[in-house]
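What follows is a short report on a single structure.
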Amino acid sequence: MRIGILALQGDFVEHEKALARLGVKSVEVRLPQHLEAVDGLIIPGGESTTIGRLAERWHLLEPIRSFAQSGHPLWGTCAGMILMAKRLVNGVPGQPLLSLMDITVVRNAFGRQVDSFETDLTVPALGEPPFPAVFIRAPLIKHVGEEVEILAQLNAETVVAVQQGNLLATAFHPELTEDDRFHRYFAGISEQLAVHNMINRRVSLHLSQRRKDRM
Ligand code: GLN
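Going left to right, the sequence shown walks through residues 3 to 217 as the working numbering numbers them.
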């Protein structure tokens, strides 16, 4: 199994290091054909307008959309989460989005006074202890659709981690901590789907072989 990391701008190297600590192979994705070699994709934090524009310029938006729509796991952290949202508040007019998750995201939601902060976050899917969540000019999730599962929130109105099937989004930066549980969680989803897809390919190969044998 290999996990791709969108390497256009932002802290993709930190994601590579976190995956390496877990013994998971990663591939830097800069062109559409790089997606063919990976089982999942991480979109890192950085500046969503820049990542979006570069992805548009390198004709990556549509291939990433099809990659996700065909069931491959995608995980966006911070700016990556902004790119994955269907609805964006406080965006720059015309900023390119992947528009994949049924969430409304507010960009730069914490204002200038609390630009960056770290907090212990309860994430039931990861168990104990709480996760050390690093927020940097972070977005928050204001509204989630029916199919979206909330993984963590700061308070009743502030959702900061969600999952919608194969799509995972966190408003904070797990790659900037030593705690690898979110990377392990995402690698787990990617592994399951990689095995599932391999079995499907084998079954359909076997069936088409049998069809040929009968002819
Ligand atoms: N504020 C940034 C944006 O709008 C996101 C910040 C981050 O990724 N740390 O893209």
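No residue lacks a Cβ here, since even glycine has one placed at the ideal position from N, Cα and C.
Locate the alpha helix (DSSP H) running through residue i, then write down its first and last residues.
i	result
residue 217	It is not in any alpha helix (DSSP H) - residue 217 carries neither H nor E in the DSSP assignment.
residue 17	14-23
residue 3	Counting along the chain, residue 3 falls outside any alpha helix (DSSP H), and DSSP gives it neither H nor E.
residue 65	63-71
residue 55	50-59
Just to confirm, are residue i and residue j a CB contact at a threshold of 8 Å?
i	j	result
residue 141	residue 107	yes
residue 102	residue 207	no
residue 281	residue 31	Nothing about residue 281 can be reported from this structure: the residues present for the chain run from 3 to 217 only.
residue 12	residue 81	yes
residue 10	residue 57	yes
residue 67	residue 84	no
residue 166	residue 193	no
residue 172	residue 162	yes
residue 26	residue 189	yes
residue 175	residue 138	yes
Cβ of residue i versus every heavy atom of the ligand GLN: is any distance shorter than 7 Å?
i	result
residue 84	yes
residue 110	yes
residue 47	yes
residue 105	no
residue 89	no
residue 101	no
residue 189	no
Using the Cα positions of residue i and residue j, report the straight-line distance between them to the nearest angstrom.
i	j	result
residue 197	residue 99	30 Å
residue 62	residue 164	24 Å
residue 127	residue 135	15 Å
residue 72	residue 40	13 Å
Could you give the first and the last residue of the continuous beta strand (DSSP E) run that contains residue i?
i	result
residue 42	42-45
State whether the stretch 70-78 contacts the stretch 121-136, with contact taken as three or more CB pairs (one from each stretch) at a distance under 8 Å.
-> no
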